[in-house]
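**Q** Provided herewith is a single structure, encoded as structure tokens, for subsequent inquiry.
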Amino acid sequence: MILVTGGAGFIGGNFVLDWLAQSGEPIVNVDKLTYAGNLETLASLNGNPGHIFVQADIGDRTVLDALLAQHKPRAVVNFAAESHVDRSIHGPEDFIQTNVMGTFRLLEAVRQYWSALAAPEKEAFRFLHVSTDEVYGSLSKTDPAFAETNRYEPNSPYSASKAASDHLVRAWHHTYGLPVVTTNCSNNYGPYHFPEKLIPLMIVNALAGKPLPVYGDGMQIRDWLYVKDHCSAIRRVLEAGSLGDTYNVGGWNEKPNIEIVNTVCALLDELRPKADGGSYASQITYVTDRPGHDRRYAIDARKLERELGWKPAETFESGIRKTVQWYLDNSDWVANVQSGAYRDWVGKQYGATAHAADATTGQQVSA
3 MILVTGGAGF IGGNFVLDWL AQSGEPIVNV DKLTYAGNLE TLASLNGNPG
53 HIFVQADIGD RTVLDALLAQ HKPRAVVNFA AESHVDRSIH GPEDFIQTNV
103 MGTFRLLEAV RQYWSALAAP EKEAFRFLHV STDEVYGSLS KTDPAFAETN
153 RYEPNSPYSA SKAASDHLVR AWHHTYGLPV VTTNCSNNYG PYHFPEKLIP
203 LMIVNALAGK PLPVYGDGMQ IRDWLYVKDH CSAIRRVLEA GSLGDTYNVG
253 GWNEKPNIEI VNTVCALLDE LRPKADGGSY ASQITYVTDR PGHDRRYAID
303 ARKLERELGW KPAETFESGI RKTVQWYLDN SDWVANVQSG AYRDWVGKQY
353 GATAHAADAT TGQQVSA
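Under the numbering used here, think of the first position of the sequence shown as 3, with each following residue one higher.
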């Protein structure tokens, strides 16, 4: 049995689905179900005795203590986080509560549980903390990609809160001996991604005939990682990662945002042509850049390949085609996650213009 936090979100949900598809080992899945947590992602697991879902906050020690005592997991994988940069700019307190205080309380619950285990179980136990490349700050075009030894230089409330959580995890290992490993990933994309993020937003808006909002000049560069490749990396680190160590997980796909948008448009032109024969690229609209927008992220994932033998299976070309096709095939999922709360947030982020444009804009990039 393993315990997963945040397992109804984008990356966590994909991890839960892949884990149960490839392993007979059960999962206890703890998720608060905020706006980005979606049980429809896990609908295929209904009735599966290997999946135990609990709606709870990782900051709730009473619930955590009870779950750990009842299910006795051999590992905890922590996906739970507020992860949206623009939301962190508007309301940083939620990010401090979940990403810092929540991680602290989860670590304390796990430490108490782990300390009481018998020697063999104690030695085998692992706590895997999932983090982001944004903790390293921003790169120029000529800087080498982020390595695990890079200094932390977070530039947004979101990345600062994740950096704090990483430091807590490290400290609990060095102070208390808690057997931890940490992963820092680049931008994920793939199925079940909430449509405030760049790729699903472009797909959804394009199909609806709405503007495709691109921040600034569109030349912000990110490294893109197909979510199922990320899940396989986490499984590998959980299996064989060195205690107290950090592993960067990247896709080796550095691309500017405008190239991503044009690629999505070209795929939609091919897979779902417009009735008038035009290109979806005609809907691209440049919007004011967000405050403190990091210019470039890039992950050096050679350590993970060298020490644990992991490499991504998907190229960007294969992964983005699978992603666009998934959204075309799952329009009901997309419609159901676009709740009133989501539309209200878009209005708050972009003001009256967004309302006038029928809530056409949203967050562009975030890990």
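For each residue, glycine too, the CB sits at the ideal point set by N, CA and C.
Secondary structure at H169, three-state DSSP: helix, strand or coil?
**A** Walking along the sequence shown from the start, residue 169 turns up at place 167. DSSP places H169 in helix when its eight states are reduced to three.
**Q** Three Cβ pairs or more, each shorter than 8 angstroms: is that satisfied between the stretch 64-77 and the stretch 85-99?
**A** Touching, no.
**Q** Pick from A149, L119 and F81: whose alpha carbon is nearest that of A71?
**A** As a first step, residue 71 must be located in the sequence shown, where it is residue number 69. Comparing Cα positions, the closest option is L119.
**Q** Considering Y115, what are the terminal residues of the alpha helix (DSSP H) in which it resides?
**A** In the sequence shown, counting from the first residue as 1, residue 115 sits at position 113. Where Y115 is concerned, the enclosing alpha helix (DSSP H) stretches over T105 to S117.
**Q** In whole angstroms, give me the CA-to-CA distance for N259 and P159.
**A** Here residue 259 corresponds to residue number 257 of the sequence shown, with the count starting at 1. Here residue 159 corresponds to residue number 157 of the sequence shown, with the count starting at 1. N259 and P159: Cα-Cα distance of roughly 22 angstroms.
**Q** Is A71 close to chain B, meaning its C-beta is less than 9 angstroms from at least one C-beta of that chain?
**A** Given the protein chain composition of this structure (a single chain), no chain B is represented.
**Q** Cα separation between L180 and L273?
**A** Taking the sequence shown and counting its residues from 1, one reaches residue 180 at position 178. Taking the sequence shown and counting its residues from 1, one reaches residue 273 at position 271. If you take the alpha carbons of L180 and L273, they lie about 49 angstroms apart.
**Q** Taking its Cβ as the centre, do 16 or more other Cβ atoms sit within 10 Å of Q57, making it buried, or is it exposed?
**A** In the sequence shown, counting from the first residue as 1, residue 57 sits at position 55. Exposed: under 16 other Cβ atoms inside 10 Å.
**Q** Please classify E84 as buried or exposed, where buried requires at least 16 other C-beta atoms within 10 Å of its C-beta.
**A** Indexing the sequence shown from 1 puts residue 84 at position 82. By the neighbour-count rule (16 or more Cβ atoms within 10 Å), E84 is buried.
**Q** Under 8 angstroms by Cβ, that's how I've got Y228 and Y191 pegged, so tell me the actual separation to the nearest angstrom.
**A** Within the sequence shown, numbered from 1, the residue matching residue 228 stands at position 226. Within the sequence shown, numbered from 1, the residue matching residue 191 stands at position 189. 6 angstroms between Cβ atoms; contact.
**Q** Considering only residues of the stretch 241-278, which uninterrupted alpha helix (DSSP H) runs meet the minimum length of 4 residues and lie entirely inside it, listed in chain order?
**A** Whole alpha helix (DSSP H) segments, 4+ residues: 259-273.
**Q** Rounded to whole angstroms, what is the Cα-Cα separation between Y344 and V87?
**A** Stepping through the sequence shown from its first residue, residue 344 is reached at position 342. Stepping through the sequence shown from its first residue, residue 87 is reached at position 85. With a pLDDT of only 48 at Y344, under the threshold of 50, the placement of this residue in the model should not be trusted; the figure read from the coordinates follows. Answer to the nearest angstrom: the Cα atoms are 15 angstroms apart.
**Q** Could you give the DSSP three-state label for R298: helix, strand or coil?
**A** The sequence position of residue 298 within the sequence shown is 296, counting from 1. Here R298 sits in strand by DSSP.
**Q** According to DSSP, is D219 helix, strand or coil?
**A** By one-based count along the sequence shown, residue 219 stands at place 217. Three-state DSSP puts D219 in coil, outside helix and strand.
**Q** Can you say whether N1 is buried or exposed, counting buried as having 16 or more other CB atoms within 10 angstroms of its CB?
**A** Because the chain here runs from 3 to 369, residue 1 falls outside it and cannot be looked at.
**Q** Does DSSP put S158 in a helix, a strand or coil?
**A** The count along the sequence shown starts at 1 and reaches residue 158 at position 156. The answer is coil: DSSP assigns S158 none of H, G, I, E or B.
**Q** Do you know how far the Cα of A38 is from the Cα of N16?
**A** Position 14 of the sequence shown, counted from the first residue, corresponds to residue 16. Position 36 of the sequence shown, counted from the first residue, corresponds to residue 38. Rounded to the nearest angstrom, the two C-alpha atoms are 13 angstroms apart.
**Q** Taking buried to mean at least 16 other C-beta atoms within 10 Å of its own C-beta, is V348 buried or exposed?
**A** Start at 1 with the first residue of the sequence shown, and residue 348 comes out as number 346. For V348, the pLDDT reaches just 46, beneath the cut-off of 50, and the residue's location in the model is therefore unreliable, although a value from the coordinates is still provided. Label assigned to V348: buried.
**Q** At the level of alpha carbons, what is the spacing between M3 and T290?
**A** Counting from one through the sequence shown, the residue named residue 3 turns up at place 1. Counting from one through the sequence shown, the residue named residue 290 turns up at place 288. Going by the C-alpha atoms only, they are around 47 angstroms apart.
**Q** What residue does the alpha helix (DSSP H) around L66 start on, and which one ends it?
**A** Along the sequence shown, one-based indexing puts residue 66 at 64. Where L66 is concerned, the enclosing alpha helix (DSSP H) stretches over R63 to H73.
**Q** Quick check on V348: does DSSP put it in helix, strand or coil?
**A** In the sequence shown, residue 348 corresponds to position 346, counting from 1. Low confidence applies here, because V348 scores a pLDDT of 46, under 50, leaving its location unreliable and the question unanswered by this model.
**Q** If we count the other Cβ atoms within 10 Å of its Cβ and call it buried at 16 or more, is D334 buried or exposed?
**A** Here residue 334 corresponds to residue number 332 of the sequence shown, with the count starting at 1. Per the 10 Å Cβ criterion, exposed.
**Q** Determine the DSSP secondary structure at W21, reduced to helix, strand or coil.
**A** Residue numbering aside, residue 21 sits at position 19 when the sequence shown is read from its first letter. If DSSP states are grouped into helix, strand and coil, W21 belongs with the helices.
**Q** Using a Cβ-Cβ cutoff of less than 6 angstroms, which residues in the same chain neighbour A235 once the five nearest sequence positions on both sides are dropped?
**A** Numbered from 1 along the sequence shown, position 233 holds the residue referred to as residue 235. Result list for A235: V251 and W312, in chain order.
**Q** What residue from D59, F129 and T185 has the CA that sits closest to R35's CA?
**A** In the sequence shown, residue 35 corresponds to position 33, counting from 1. At residue 35 the sequence reads Leu, which differs from the Arg that was named. When each option's Cα is compared against that of L35, the closest is D59.
**Q** Nearest by alpha-carbon distance to R292: which of E155, V132 and P215 is it?
**A** The sequence position of residue 292 within the sequence shown is 290, counting from 1. Considering only alpha carbons, the answer is P215.
**Q** Please list the terminal residues of the continuous beta strand (DSSP E) segment that includes R128.
**A** As a first step, residue 128 is located in the sequence shown; it is residue number 126 there, counting from the start. Its beta strand (DSSP E) spans residues R128 to T134.
**Q** Could you tell me the alpha carbon to alpha carbon distance between P146 and E307, rounded to whole angstroms?
**A** The residue given as residue 146 occupies position 144 in the sequence shown. The residue given as residue 307 occupies position 305 in the sequence shown. C-alpha separation (whole angstroms): 18 angstroms.
**Q** Taking the Cβ atom as the reference point for each residue, do V239 and T185 lie within a distance shorter than 9 angstroms?
**A** By 1-based counting over the sequence shown, the position of residue 239 is 237. By 1-based counting over the sequence shown, the position of residue 185 is 183. Yes, Cβ-Cβ distance for V239 and T185 is below 9 angstroms.
**Q** Alpha carbon to alpha carbon, what distance is there between C233 and A358?
**A** The residue labelled residue 358 in the question sits at position 356 within the sequence shown. The residue labelled residue 233 in the question sits at position 231 within the sequence shown. Low local confidence applies: a pLDDT of 30 at A358 is under 50, so the model's placement there is unreliable, with the coordinate-based value given in what follows. Straight-line Cα distance between these residues: approximately 39 angstroms.
**Q** Helix, strand or coil for N40, going by three-state DSSP, please let me know.
**A** On the sequence shown, position 38 is the one that residue 40 refers to. Reduced to three states, the DSSP call for N40 is coil.
**Q** Under the three-state reduction of DSSP, which class applies to T100: helix, strand or coil?
**A** Numbered from its first residue, the sequence shown carries residue 100 at position 98. Three-state result, T100: helix.
**Q** At the level of alpha carbons, what is the spacing between E42 and G52?
**A** What you label residue 42 is simply residue 40 of the sequence shown in a count that begins at 1. What you label residue 52 is simply residue 50 of the sequence shown in a count that begins at 1. Their Cα atoms are separated by approximately 17 angstroms.
**Q** In the DSSP assignment, what are the bridge partners of E233?
**A** Walking along the sequence shown from the start, residue 233 turns up at place 231. The residue asked about is misnamed: residue 233 is Cys in this sequence, not Glu. DSSP output for C233 lists no bridge partner at all.
**Q** Out of curiosity, what's the CA-to-CA distance linking W328 and Y138?
**A** Here residue 328 refers to the residue found at position 326 when the sequence shown is read from its first residue. Here residue 138 refers to the residue found at position 136 when the sequence shown is read from its first residue. For W328 and Y138, the distance between alpha carbons rounds to 32 angstroms.
**Q** Can the beta-carbon of F129 be found closer than 9 angstroms to that of V206?
**A** For this step, residue 129 is matched to residue 127 along the sequence shown. For this step, residue 206 is matched to residue 204 along the sequence shown. Contact: no.
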